[in-house]
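With the first letter of the sequence shown counted as 1, position 24 gets the number 60 in the numbering used here; the numbers rise by one all the way through.
Glycine residues also receive a C-beta, built at the ideal position from the N, C-alpha and C atoms.
Here is the structure we will look at.
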Amino acid sequence: MSAPESGIDTAGDVERRVLDYVDAHADEALEFFRSLVRIRSTDPPGDVREMADACAAFGRGLGMEVEQHEPAPGKVSNVLRLRGSGGGPTFLLNSHLDTFPASDPTAWRHPPFGAEVHDGKVWGVGTRDMKAGLSAAMLAVQAVVATGTRLRGDIVLTQTADHIKGGGVLGLKYLVDERLVTADFGIYTESNPPLAIELASRGMLRFEITLTGFAKHTKYKVEHSESGQPVNAILKAAKLTIALEAMAFTNWSPHAFVKGPPVISVNRIAGGFSDTLIADRCTLVADCRYLPGQDPDNVMADVQGVLDSLAREDPEFRATLKVLLHGEASQVGADTPLVETLQGAIQTVIGRRVPLGGAGSTSDMRFLINDGGIPMVKFVFPSSETGTNEFESIEDFLNTLRVYALMLVRVLG
Ligand SMILES: [Zn+2]
37 MSAPESGIDT AGDVERRVLD YVDAHADEAL EFFRSLVRIR STDPPGDVRE MADACAAFGR
97 GLGMEVEQHE PAPGKVSNVL RLRGSGGGPT FLLNSHLDTF PASDPTAWRH PPFGAEVHDG
157 KVWGVGTRDM KAGLSAAMLA VQAVVATGTR LRGDIVLTQT ADHIKGGGVL GLKYLVDERL
217 VTADFGIYTE SNPPLAIELA SRGMLRFEIT LTGFAKHTKY KVEHSESGQP VNAILKAAKL
277 TIALEAMAFT NWSPHAFVKG PPVISVNRIA GGFSDTLIAD RCTLVADCRY LPGQDPDNVM
337 ADVQGVLDSL AREDPEFRAT LKVLLHGEAS QVGADTPLVE TLQGAIQTVI GRRVPLGGAG
397 STSDMRFLIN DGGIPMVKFV FPSSETGTNE FESIEDFLNT LRVYALMLVR VLG
């Protein structure tokens with residue numbers, strides 16, 4: 037396309053101005069990111085009021101419409117909106133406000149809530165997961181507003197509570213169920229190393245399995261009991277644990293972006309009531325992560341099949357299966373137009389495209405994709421994993437900000 041008459045900006049001019057703004061204000065952007073890391077929003081306790089208020093104040097300062105929703109005390113989620121001039125789509129940047137706890141502070145190289153900068157990295161709880169993405173989303177809006185860039189479409193930022201322990205039930209799920217968030221597509225502002233656009237997340241089925249035995253004194257292992265021989269529920273649970281570890285799932289095929297087969301692990305066990313009497317009950321909790329595209333009914337049938345086969349071999353094996361929690365898998369197709377637009381923005385910022393990937397964990401992004409009908413991908417430049425010595429490099433943080441700012445201009449301009 038030829039350049040328009042002088043005085044009218046080309047799309048390239050607008051993008052350059054927004055990116056120049058980010059470069060010129062990188063120090064302030066970094067300070068804002070660090071200020072959010074210093075606000076504790078760990079779960080437990082899960083009260084994110086201070087974080088939500090800090091983000092709401094920043095949004096108001098940009099002229100955004102601000103809503104706060106608090107379905108339970110301290111579980112505050114923000115919906116911030118910058119209205120466009122009309123005729124464009126609505127683009128969502130979704131972030132969570134809470135973080136994991138700090139574990140043992142003495143195990144950290146730098147104070148976990150200090151947001152100190154060392155070696156070009158910001159260190160602390162919730163830096164990569166996910167205050168880098170959260171602040172980059174707001175700073176991208178700032179770059180648009182401060183440069184006077186006019187967009188046709190609306191920008192919506194959701195900043196949610198209850199992600200870490202509640203799985204989003206009183207946060208993102210609440211916003212979707214109450215129809216407080218709608219958009220045409222969006223980015224979930226975190227992803228895990230290695231660098232990739234995450235298109236898919238595993239589903240989760242959490243099972244509680246109770247084994248029933250028969251309680252008698254230990255001596256009745258070898259002596260006759262008139263009322264019946266003991267059956268040790270702990271022993272049955274041990275058998276079951278080994279069988280679940282070894283089980284093979286049926287009706288699944290490898291996923292293009294989520295690595296590995298479906299998996300199950302027994303992560304908790306509790307049994308027995310006496311030092312002297314043989315255990316008549318043992319309960320275990322097994323966590324299963326299945327693949328996008330896999331039918332959860334089949335997963336349940338496979339696990340029940342393990343119980344049935346143990347019961348066939350051992351008439352004393354009595355187990356009941358209960359589903360404690362189900363989190364659906366979610367995915368969008370690699371051909372979703374959003375993916376190509378995002379690759380284009382990434383290419384502009386770092387000079388290359390990045391791989392497509394998937395998450396081994398289960399994401400509350402499923403509420404947006406499956407229930408809200410909003411195509412979403414996860415993307416940041418992720419410097420580190422969650423947990424002790426978490427950090428985000430300044431370069432990764434600023435590149436994330438640049439990509440988000442470009443996306444706003446390209447998608448909504
Ligand atoms: Zn996270």
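1. When a residue counts only if its C-beta is closer than 6 Å to some heavy atom of ligand 1, which residues count, in chain order?
2. Which value, in whole angstroms, describes the spacing of the CA atoms of asparagine 114 and leucine 313?
3. Any chance you could list the alpha helix (DSSP H) runs of at least 4 consecutive residues sitting entirely within the segment 157–233, in chain order?
4. I'd like to check one pair, serine 171 with leucine 72: are the Cβ atoms closer than 7 Å?
5. In three-state DSSP terms, what is serine 301?
6. Give the secondary structure of aspartate 89 by DSSP, where H, G and I count as helix, E and B as strand, and everything else as coil.
7. Smallest Cα separation from leucine 404: which of Ala47, Ser131, Val390 and Glu431?
8. Report all residues from its chain with a CB closer than 7 Å to the CB of leucine 231; omit the five preceding and five following residues, and keep chain order.
9. Beta-carbon of valine 302 versus every beta-carbon of chain C: anything under 7 Å?
10. At the level of alpha carbons, what is the spacing between lysine 257 and aspartate 79?
11. State the DSSP-derived secondary structure class of alanine 138, mapped to helix, strand or coil.
12. Can you tell me where the alpha helix (DSSP H) with glutamine 383 in it begins and where it stops?
13. Run through DSSP, which three-state label would methionine 412 get?
14. Got a sec, what are the start and stop residues for the alpha helix (DSSP H) leucine 327 sits in?
15. For glutamate 349, count neighbouring C-beta atoms within 10 Å of its own C-beta (all shown protein chains included) and say buried if the count is 16 or more, exposed if not.
16. Taking 8 Å as the threshold, find out whether the segment 364–384 comes into contact with the segment 175–190 through three or more Cβ pairs.
17. Measuring only the C-alpha atoms, how far is phenylalanine 243 from aspartate 338?
18. Quick one: what does DSSP say tyrosine 440 is sitting in, helix, strand or coil?
19. Which same chain residues, not among the five before or five after phenylalanine 94, have their C-beta less than 6 Å away from its C-beta?
20. What is the DSSP secondary structure of alanine 236, reduced to helix, strand or coil?
21. According to DSSP, simplified to helix, strand and coil, what is glutamine 27?
On the basis of the data shown:
1. Matched residues: His132, Asp165, Met166 and Glu226.
2. Here residue 114 is taken as the residue at index 78 of the sequence shown, counted from 1. Here residue 313 is taken as the residue at index 277 of the sequence shown, counted from 1. Distance between the alpha carbons of asparagine 114 and leucine 313: 54 Å.
3. Taking only runs of at least 4 residues, the alpha helix (DSSP H) segments lying wholly in the segment 157–233 are 168–182 and 208–213.
4. Locating residue 72 in the sequence shown gives position 36, where the first residue counts as 1. Locating residue 171 in the sequence shown gives position 135, where the first residue counts as 1. In contact: leucine 72 and serine 171 (Cβ atoms closer than 7 Å).
5. Reading the sequence shown from its first residue, position 265 is the one you call residue 301. Three-state DSSP puts serine 301 in a strand.
6. The sequence position of residue 89 within the sequence shown is 53, counting from 1. Here aspartate 89 sits in helix by DSSP.
7. Counted from its first residue, the sequence shown places residue 404 at position 368. Of Ala47, Ser131, Val390 and Glu431, the residue nearest in Cα terms is Ser131.
8. Here residue 231 refers to the residue found at position 195 when the sequence shown is read from its first residue. Once the five neighbours on either side are set aside, the close Cβ partners of leucine 231 are Val390, Phe417 and Pro418.
9. The structure shown contains no chain C; it holds only a single protein chain.
10. Position 221 of the sequence shown, counted from the start, is the residue given in the question as residue 257. Position 43 of the sequence shown, counted from the start, is the residue given in the question as residue 79. Roughly 46 Å between the two C-alpha positions.
11. Start at 1 with the first residue of the sequence shown, and residue 138 comes out as number 102. DSSP places alanine 138 in coil when its eight states are reduced to three.
12. Your numbering for residue 383 matches position 347 in the sequence shown. Glutamine 383: member of the alpha helix (DSSP H) spanning 373–386, first to last residue.
13. Here residue 412 is taken as the residue at index 376 of the sequence shown, counted from 1. In this structure, methionine 412 counts as strand in the three-state DSSP scheme.
14. Counting from one through the sequence shown, the residue named residue 327 turns up at place 291. For leucine 327, no alpha helix (DSSP H) run applies, since DSSP gives it neither H nor E.
15. Along the sequence shown, read from residue 1 onward, the residue named residue 349 stands at position 313. Result: exposed.
16. Pairwise C-beta distances place the segment 364–384 out of contact with the segment 175–190, as fewer than three of them are shorter than 8 Å.
17. If you number the sequence shown from 1, residue 243 lands on position 207. If you number the sequence shown from 1, residue 338 lands on position 302. About 12 Å.
18. Within the sequence shown, the letter at position 404 stands for residue 440. Per DSSP, reduced to three states, the secondary structure at tyrosine 440 is helical.
19. Reading the sequence shown from its first residue, position 58 is the one you call residue 94. Closer than 6 Å at the Cβ level, and outside the excluded window around phenylalanine 94, lie Met174.
20. Mapped onto the sequence shown, residue 236 falls at position 200. Strand.
21. Not covered by the structure: residue 27. The range shown for the chain is 37 to 449.
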